[in-house]
Each structure stands twice: as C-alpha cells, then as structure tokens.
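Comments concern the structure below.
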Amino acid sequence: MGVISTDKNKITLIYNSGISLGKQTYSYVKSSDKDILAIDTSKTNITGTQWLEIADGLNLDISDLIQKEFPNYRKLYDPKVKLKPEDWIKIIQNHPEVVWFPILIMGNSFYLIKAPSDFINLTDSNSADMSRKLS
C-alpha cells in the first residue's frame, strides 16, 4: 500500500501555482464534479517517499520529474549533472518549481499533464485505456 491516498471518486492534483501551466490546470480540475485534493507544491511540502511513489506511479525515474532543460532548472543546476535519487529528491523539495508539469492522480492512475486540456481528454475518456504519460 502506498503513502499517497488514491480513490476512484477523488482527483488529486499536484501542481505549482507559480507556474502558468499549474494555474491553468488547476482551473480545469476545480470544475470537476469529483472531490478534489489540490496540492500546491509552492505552499505544501511533499515528502521524499511521496515523490518516489509519484515517480513510480508515472513509471519514471525520480530525475525524470524534473524538466532539466527548462529555465527554472538551468538557472540552478547543470542539466547534465548525474545525481543519486536522494539528491534529486532534495532538489525537488528545495526547488519545487523544477517539477514543471502538474501531476494528476485519478483512482490508481497517475498522469503527467503537459497541457491543461489533457485533463479534459482524461475525463472525457474516463474508462478508455490511456497511457500513464500523455504524449
């Protein structure tokens, strides 16, 4: 059993309100009929264990949550640096803005949201087979 609570009747959105994509996605999600748990990483700390569970739910390495080519990361770190998982977690915890894309949890499925409209596509195809990462 994971640390992150999952429920088929609840939507969890992990986003950063300091990033336009996060704010826009939050606007879409809050219009949902389901119960919503919105976690703004600019205001709420997420534990290292939770970040690992999120990465696992997305079938990604913890380092893949960070958009290393984006300016938010490049102004802090070298995009080619090789680190251990615990170091990536520290980066995310100290600079949550480096996780550029919001993360949506619906039931037991985790999704990386790359555009606000991804949320609509997910809810419209509620029971359709979808990949964990939207392309």
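The working numbering puts the first residue of the sequence shown at 2, with every later residue one more than the last. By construction, the Cβ of each residue, glycine as well, lies at the ideal position given by its N, Cα and C atoms.
Here DSSP, grouped into helix, strand and coil, assigns residue 34 to coil. Nearest to residue 74 by C-alpha distance, out of 59, 46 and 94, is 94.
Proximity to residue 83 across 98, 71 and 64 peaks at 64, based on C-alpha coordinates. Contact annotation: residue 36 and residue 11 have beta-carbon atoms nearer than 7 Å. Where residue 113 is concerned, the enclosing beta strand (DSSP E) starts and stops at 110 to 113. Cα atoms of residue 122 and residue 72: separation of roughly 28 Å, rounded to the nearest angstrom.
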